[in-house]
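What follows is a set of notes on a single structure, which appears directly below.
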Amino acid sequence: MNHHFANAGDVMKHLALVCAVELMRPERYLESHAGGFDYPLAEREGPLPDGVWDFMSAASTVRTLRESRYATLLNSIAGSPSTPGTYPGSTRCVWEILGADTEYLLNDTDSEALGSVGCALESRGARAVLSWEAGIDMVIDEARAGDLILIDPFDTESPSPKHGLGAAAAFDRLVERRASVLLWRALNDSDDSSRVRESDLCIRLRFDERTGSMDRCELIFGNVSSALVAEVGRLAIAHGTVLTSGRITIDVGSKPGR
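Take the sequence shown: its position 161, counting from 1, is numbered 147 in our numbering, and each next residue is one higher.
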């Protein structure tokens, strides 16, 4: 098990994801690598800079963060460092907003993690389709116009077995098909990750010193509304102002790498 969940990269991703789901209210939500429904914070290794506890502390004094739906969710389930509760995975973040009003199409190669998601959704009366195949191929095969899709790959560069697409190429293909897409990925030291052709918003998190696999990452949005761009940007700016050792940069309507 990876105990480095609830770090700064997770916070950035889930803060934006919750906002996107709240504004979009999609009828279908797809995810390439779903992970678990939630994670016991007592098992978290750390401390990692600007993770869940630092965010909750900042949210207590920064109004923009405090009023976010993500902060409300954390306050209801995360507990505190002395009495840790659980940290929500991406599917739970979506569930807390949409409940059974959406259909979930979820993939993960970790059958145990995906099984926990399936059991959690089934017990809550949600419609869910689970897949243990290659996540990029699943979302490409199943995507429809109007879907919200989170691409959250373990390996951003390797081509998928069926369609031969890496994460960036999958992002471009799905945007062409009029799905709304979020791509979250780690950045390597040379920042030579494959570039998407065009995005509506790109949020990038960097730490000056390496502390883990997600201390340099980016979240890219495609085919989303200007209202969503503005609201996620507002949250990202507030988040960036309270980071203790990292920094967030925001590009609106960007073409990364050009």
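We put the beta carbon where it would ideally sit given N, CA and C, even for glycine.
Since residue i sits in a beta bridge, which residues does DSSP pair it with?
{"i": "I223", "result": "DSSP lists no partner for I223."}
{"i": "V238", "result": "L187"}
{"i": "C203", "result": "A172, L191"}
{"i": "Y15", "result": "Y90, L134"}
{"i": "G152", "result": "According to DSSP, G152 bridges with nothing at all."}
{"i": "G208", "result": "V167"}
{"i": "P26", "result": "T72"}
Give the single residue among the options whose Cα lies nearest to the Cα of residue i.
{"i": "T50", "options": "I223, L229, H0", "result": "I223"}
{"i": "H19", "options": "P139, L191, E195", "result": "P139"}
{"i": "C203", "options": "I122, R171, L16, N93", "result": "R171"}
{"i": "L205", "options": "A153, S212, D40", "result": "A153"}
{"i": "G75", "options": "C188, E13, E17, S117", "result": "E17"}
{"i": "R233", "options": "L221, F193, R220", "result": "F193"}
{"i": "A216", "options": "D186, P147, W81", "result": "D186"}
{"i": "G85", "options": "P12, R220, L173, T235", "result": "P12"}
{"i": "E31", "options": "P67, V48, M10", "result": "P67"}
{"i": "A(-6)", "options": "I189, V48, V238", "result": "I189"}
{"i": "I236", "options": "S212, L191, S43", "result": "L191"}
{"i": "G111", "options": "D87, E119, V80", "result": "D87"}
{"i": "M10", "options": "R220, S212, L221, G239", "result": "S212"}
{"i": "R183", "options": "I83, N174, G239, D201", "result": "G239"}
{"i": "N174", "options": "N61, D201, R164", "result": "D201"}
{"i": "T77", "options": "R220, V48, L221, I137", "result": "I137"}
{"i": "R220", "options": "S43, V80, V48", "result": "V48"}
Less than 6 Å between C-beta atoms, sequence neighbours within five positions excluded: which residues of the same chain meet that for residue i?
{"i": "L229", "result": "D36"}
{"i": "F41", "result": "V(-3)"}
{"i": "M124", "result": "N93, S117"}
{"i": "V115", "result": "L91"}
{"i": "E89", "result": "R14, R113"}
{"i": "A45", "result": "L51, R52, A57"}
Apart from the five residues on each side of it in sequence, which residues of its chain come closer than 8 Å, Cβ to Cβ, to residue i?
{"i": "L27", "result": "A(-8), V38, A64, G65, P70, G71, T72, Y73"}
{"i": "A6", "result": "L134, S166, L168, F207, V210, L214, V218"}
{"i": "S180", "result": "T142, E143, G152, A153, A154, A155"}
{"i": "S231", "result": "P35, D36, F193, D194, E195"}
{"i": "E8", "result": "R55, I83"}
{"i": "N(-12)", "result": "Only weak support is given to the placement of N(-12): the predicted model assigns it a pLDDT of 49, under 50, and the value that follows is read from those uncertain coordinates. Contacts found: none."}
Kindly indicate which three-state DSSP category residue i falls into: helix, strand or coil?
{"i": "T252", "result": "Since the first and last residues shown for the chain are -13 and 244, residue 252 lies out of range."}
{"i": "A114", "result": "strand"}
{"i": "W167", "result": "Before going further, note that residue 167 is Val rather than Trp in the sequence given. The answer is strand: DSSP assigns V167 an E or B state."}
{"i": "G121", "result": "helix"}
{"i": "R233", "result": "strand"}
{"i": "T69", "result": "coil"}
{"i": "D96", "result": "coil"}
{"i": "A36", "result": "Note on residue identity: the sequence assigns Asp, not Ala, to residue 36. Here D36 sits in coil by DSSP."}
{"i": "S62", "result": "helix"}
{"i": "G21", "result": "coil"}
{"i": "V182", "result": "coil"}
{"i": "A2", "result": "helix"}
Counting only the same chain and skipping the five closest in sequence on each side, list residues whose C-beta sits under 7 Å from that of residue i.
{"i": "L151", "result": "I122, I126, P145, R159"}
{"i": "E119", "result": "N93"}
{"i": "K148", "result": "A120, D123"}
{"i": "L60", "result": "V38, M42"}
Please check if any C-beta of chain C sits within less than 8 Å of the C-beta of residue i.
{"i": "G111", "result": "In summary, chain C is missing from the structure at hand, where a single protein chain is found."}
For this session: Answer yes if the region 15 to 34 comes into contact with the region 92 to 99, meaning at least three C-beta pairs across the two stretches below 8 Å, and no otherwise.
Result: The region 92 to 99, when compared against the region 15 to 34, does touch it at the 8 Å Cβ threshold.
Exercise. Are at least three pairs of beta-carbons, each pair with one atom in the region -9 to 1 and one in the region 217 to 233, less than 8 Å apart?
Worked result: Inter-segment contact for the region -9 to 1 and the region 217 to 233 is present: three or more beta-carbon pairs are separated by less than 8 Å.
Exercise. Any chance the region 149 to 168 sits against the region 53 to 61, with 3 or more Cβ pairs inside 8 Å?
Worked result: Touching, no, given that fewer than three Cβ pairs across the two stretches are closer than 8 Å.
Exercise. Between the region 102 to 111 and the region 123 to 131, are three or more C-beta pairs nearer than 8 Å?
Worked result: By the Cβ criterion, the region 102 to 111 is not in contact with the region 123 to 131, since fewer than three pairs of Cβ atoms, one from each stretch, lie closer than 8 Å.
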